[in-house]
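Here the structure is laid out as structure tokens; the discussion comes afterwards.
Chains as they are written, first to last, in my numbering: chain A, 1191 to 1470; chain B, 266 to 441.
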């Protein structure tokens, strides 16, 4: 009897934990509790930020040291000094080109003609894709800097994504390549050329939907945000360019594949546009 | 579980989450990164049995979920299933076997990644299957195989009272 009870205990534990998990997931997806979990995530993220920063500070020099050690082992004694000098110069060169690239991205953020008079918050990317199952970046600005949930995020060239989690000092941005991202778009010069642009996952191209079969779409053509009533992005932000378009024989829609205008895999600086659907 | 056990478990979970969020997310192989959080339920199931595996999976998953953009609670759900599964599957085995943590880490990693994507899909997140699942499985499994033995020892240290609770005496070999 006692043995049977003991053997049932793990199963009871599992059933309870599964039920609790499913309840949390369900409640999180709905209104009120979602705001609570978002608040808890925000507190955890803010509390963890100093730890992340401290560990990053330790890891970076260790990584450099290990890389240096590996290199050192390959250096012959007689030309060690010379090779060290070459490495130093190479490092300087790499640092200079990195700084130049960062400077280019930063200065490009000062010239974003399509956001017009809207204010923006320049931010640094501190983390890429914390989950293998979502295309997101973490940035070093949050509510304290004026970043709010749902705000559009842009970089030099065009749209990057939107804020899906705003903490006090950091935020998470869902990239336009994420499978959950769908954007209302316009293309071409003809009026009424509307489409949706949907993400297909990290590193994959975007696809356009709702483009009627027979519509002329050329490679290189630009898709921009539509800004229609209720849109989650302001109008005229470049999203992506057409890679290829093919009319479906039996389909009512064109099959259009697009490449984001922003290189999302090498983002270092972005700008959060202080805009919401109610902003004029 | 004593207060001291709880402190040790918390420390191990904190360590894993910190390493995952700082070091592991920086390691990219074909766009995928390792996910060492799944080692916790695997190791707890191995050294503590199904109930402890499920509890560790739920707790560590919930903490991991705080830092993930995916649905809150999904890692907890997958973690408790994996921890329970490993505990149940190994209950009749000689847990002192040197190969058991490694083999368990392979099975747990594959199961975790596939379950995570699949359950996310079933729970209304269709984009969670718009990923290269094979690549993620390979990257996650490779790293977890490397870390399986130290992770199991760490969890065994954190759950000392579990090690003797209804376990075959040979389990002690794994904990030393």
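Note that beta-carbon positions come from the ideal geometry of N, C-alpha and C, so glycine has one too.
Terminal residues of the alpha helix (DSSP H) in which residue i lies
{"i": "residue 349(B)", "result": "339–354"}
{"i": "residue 330(B)", "result": "315–330"}
{"i": "residue 391(B)", "result": "Taken as a continuous stretch (DSSP letters only), residue 391(B) belongs to no alpha helix (DSSP H), as it is neither H nor E."}
{"i": "residue 418(B)", "result": "398–423"}
Proximal residues to residue i (C-beta, below 6 Å), its chain only, five neighbours per side dropped
{"i": "residue 319(B)", "result": "345, 348, 349"}
{"i": "residue 1347(A)", "result": "1451, 1452"}
{"i": "residue 335(B)", "result": "none"}
{"i": "residue 1304(A)", "result": "1426, 1427"}
{"i": "residue 1317(A)", "result": "1328"}
{"i": "residue 1308(A)", "result": "1463, 1465"}
{"i": "residue 1232(A)", "result": "1357"}
{"i": "residue 1417(A)", "result": "1424, 1425"}
{"i": "residue 376(B)", "result": "347"}
Residues of its chain near residue i, where Cβ-Cβ distance is below 8 Å and the 5 sequence neighbours each way are ignored
{"i": "residue 1386(A)", "result": "1372, 1373, 1374, 1375, 1398, 1399, 1400"}
{"i": "residue 282(B)", "result": "302, 325, 328, 329, 332"}
{"i": "residue 1319(A)", "result": "1325, 1326, 1327, 1392"}
{"i": "residue 388(B)", "result": "336, 339"}
{"i": "residue 286(B)", "result": "332"}
{"i": "residue 355(B)", "result": "310, 311, 365, 369"}
{"i": "residue 1408(A)", "result": "1432, 1435"}
{"i": "residue 1310(A)", "result": "1299, 1302, 1344, 1461, 1462, 1463, 1464"}
Simplified DSSP state of residue i, which is helix, strand or coil
{"i": "residue 292(B)", "result": "coil"}
{"i": "residue 1347(A)", "result": "coil"}
{"i": "residue 1410(A)", "result": "coil"}
{"i": "residue 1330(A)", "result": "coil"}
{"i": "residue 285(B)", "result": "helix"}
{"i": "residue 1220(A)", "result": "coil"}
{"i": "residue 1317(A)", "result": "strand"}
{"i": "residue 1278(A)", "result": "helix"}
{"i": "residue 1225(A)", "result": "helix"}
{"i": "residue 1377(A)", "result": "strand"}
{"i": "residue 268(B)", "result": "helix"}
{"i": "residue 333(B)", "result": "coil"}
{"i": "residue 299(B)", "result": "coil"}
{"i": "residue 1353(A)", "result": "strand"}
{"i": "residue 1310(A)", "result": "strand"}
{"i": "residue 1203(A)", "result": "helix"}
{"i": "residue 1367(A)", "result": "coil"}
{"i": "residue 1405(A)", "result": "coil"}
Same chain only: Cβ atoms within 7 Å of residue i, ignoring 5 sequence neighbours per side
{"i": "residue 386(B)", "result": "393, 394"}
{"i": "residue 1256(A)", "result": "Below a pLDDT of 50, predicted positions are generally treated as unreliable, and residue 1256(A), at 49, falls in that range; no measurement from the model is reported."}
{"i": "residue 1449(A)", "result": "1395, 1430, 1431, 1433"}
{"i": "residue 1235(A)", "result": "1357, 1360"}
{"i": "residue 1199(A)", "result": "none"}
{"i": "residue 295(B)", "result": "400"}
Contact under 8 Å by Cβ, residue i with residue j
{"i": "residue 1427(A)", "j": "residue 1366(A)", "result": "no"}
{"i": "residue 306(B)", "j": "residue 353(B)", "result": "no"}
{"i": "residue 1356(A)", "j": "residue 1332(A)", "result": "yes"}
{"i": "residue 232(B)", "j": "residue 1227(A)", "result": "Nothing about residue 232(B) can be read from this structure; chain B reaches only from 266 to 441."}
{"i": "residue 1445(A)", "j": "residue 1431(A)", "result": "no"}
{"i": "residue 351(B)", "j": "residue 311(B)", "result": "yes"}
{"i": "residue 1463(A)", "j": "residue 1341(A)", "result": "yes"}
{"i": "residue 1343(A)", "j": "residue 1336(A)", "result": "no"}
{"i": "residue 1369(A)", "j": "residue 391(B)", "result": "yes"}
{"i": "residue 396(B)", "j": "residue 1322(A)", "result": "yes"}
{"i": "residue 423(B)", "j": "residue 274(B)", "result": "yes"}
{"i": "residue 486(B)", "j": "residue 343(B)", "result": "Only positions 266 to 441 of chain B appear in the structure, and residue 486(B) is not among them; the question remains open."}
{"i": "residue 413(B)", "j": "residue 304(B)", "result": "yes"}
{"i": "residue 1384(A)", "j": "residue 1413(A)", "result": "no"}
First through last residue of the beta strand (DSSP E) which encompasses residue i
{"i": "residue 1436(A)", "result": "1428–1437"}
{"i": "residue 1449(A)", "result": "1444–1450"}
{"i": "residue 1396(A)", "result": "1396–1399"}
{"i": "residue 1384(A)", "result": "1384–1388"}
{"i": "residue 1360(A)", "result": "Careful: residue 1360(A) lies outside any beta strand (DSSP E) and carries neither H nor E."}
{"i": "residue 1422(A)", "result": "Careful: residue 1422(A) lies outside any beta strand (DSSP E) and carries neither H nor E."}
{"i": "residue 1463(A)", "result": "1459–1463"}
Cutoff 8 Å: residue i Cβ touching any chain E Cβ
{"i": "residue 1239(A)", "result": "The question asks about chain E, but that chain is absent: this structure's protein chains are A and B."}
Mind the definition here: the segment 363–373 of chain B touches the segment 407–420 of chain B only if three or more C-beta pairs lie below 8 Å; say whether that holds.
-> yes
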